[in-house]
Amino acid sequence: MTISDPQTRKVILGVAASDSHAVANHLIAFTLRDEGYLVINLGTCTPIEEFVAACEEHPDAEALVIGSLNGHAWDDLRGLSRAKEAGRIRCPVVLGGNLSVGSHKGAGADERLYSIGVDHILADPAQLPLLLDELRAHALREAS
Ligand code: B12
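Numbering (my numbering), first residue to last: 69 to 212.
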């Protein structure tokens, strides 16, 4: 990842390909903008290829933040690891929402998502600013 100017911290945001739930996406975009981020919000029903194109267009984005509510995160995000291996997504991928079908979430659900290229799973959008600060600090350490 290219380190962004501290004045223009940037994230790419969107909702997974099959998913039309818009409310949390808008709230997260609003909150991050309020925190001073430049948010490239791709909105709902965003295919992997559009996330990849945004990452290539914005190499200084600190993270790709994806929401998924309808339970189909794993199906929707299966192209992630290929895009990362090809160097087309270079920033960390953060995922949140209602990530599998049903109210009982099996112990392996998060591990499956990590195995396809998700780097961080958060339950609460309020955790995002702290995680983004940690990721930026890590990237700065790696670059120095
Ligand atoms: C409104 C709604 C809809 C609307 C959406 C309208 C719109 N344009 O947004 C409509 C009617 C279109 C809809 C459709 C469907 N829905 Co719906 N929907 C809801 C509902 C009632 C509210 C969602 C909402 O907006 N909540 C308010 C926001 C602020 O909260 P939230 O979405 O829960 O997100 C919170 C967290 O998940 C988290 N979060 C969310 N995104 C992210 C992202 C990141 C990065 C992070 C860190 C955190 C995070 O933070 C938020 C605040 O705590 C929920 C049930 C409920 N009461 O939650 C079902 C629900 C999400 N829907 C559900 C389903 C199944 C569907 C359908 C498949 C139904 C159907 N058979 O057609 C379709 C799917 C459509 C699609 N292609 O995606 C299920 C998902 C079940 C699952 N995952 O196991 C739910 C949970 C209902 C249920 N109990 O079964 N839905």
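From the three backbone atoms N, C-alpha and C, an ideal C-beta is built for every residue, glycine too. Keep in mind it's a predicted model, so treat the numbers as computed, not measured.
Is residue j closer than 8 Å to residue i when the C-beta atoms are compared?
i, j, result
"residue 184", "residue 146", "yes"
"residue 93", "residue 76", "no"
"residue 110", "residue 82", "yes"
"residue 154", "residue 84", "no"
"residue 129", "residue 108", "yes"
"residue 200", "residue 90", "no"
"residue 196", "residue 100", "yes"
Could you tell me whether any non-hydrogen atom of ligand 3 is closer than 7 Å to the CB of residue i?
i, result
"residue 193", "What this structure holds is ligand 1, not ligand 3."
In terms of alpha-carbon separation, which member of the options lies closest to residue i?
i, options, result
"residue 118", "151, 103, 139 and 180", "151"
"residue 86", "198, 156 and 143", "143"
"residue 122", "101, 209, 80 and 107", "80"
"residue 124", "106, 156 and 139", "156"
"residue 104", "88, 120 and 78", "78"
Using 8 Å for Cβ pairs, my map puts residue i next to residue j. What's the rounded Cβ distance?
i, j, result
"residue 137", "residue 165", "5 Å"
"residue 127", "residue 158", "7 Å"
"residue 148", "residue 162", "With a Cβ gap of about 12 Å, residue 148 and residue 162 do not count as contacting."
"residue 167", "residue 181", "7 Å"
Q.
I'd like the ranges of any alpha helix (DSSP H) spanning at least 4 consecutive residues and lying wholly in the stretch 80-164.
A. 91-102, 116-125, 141-144 and 148-153
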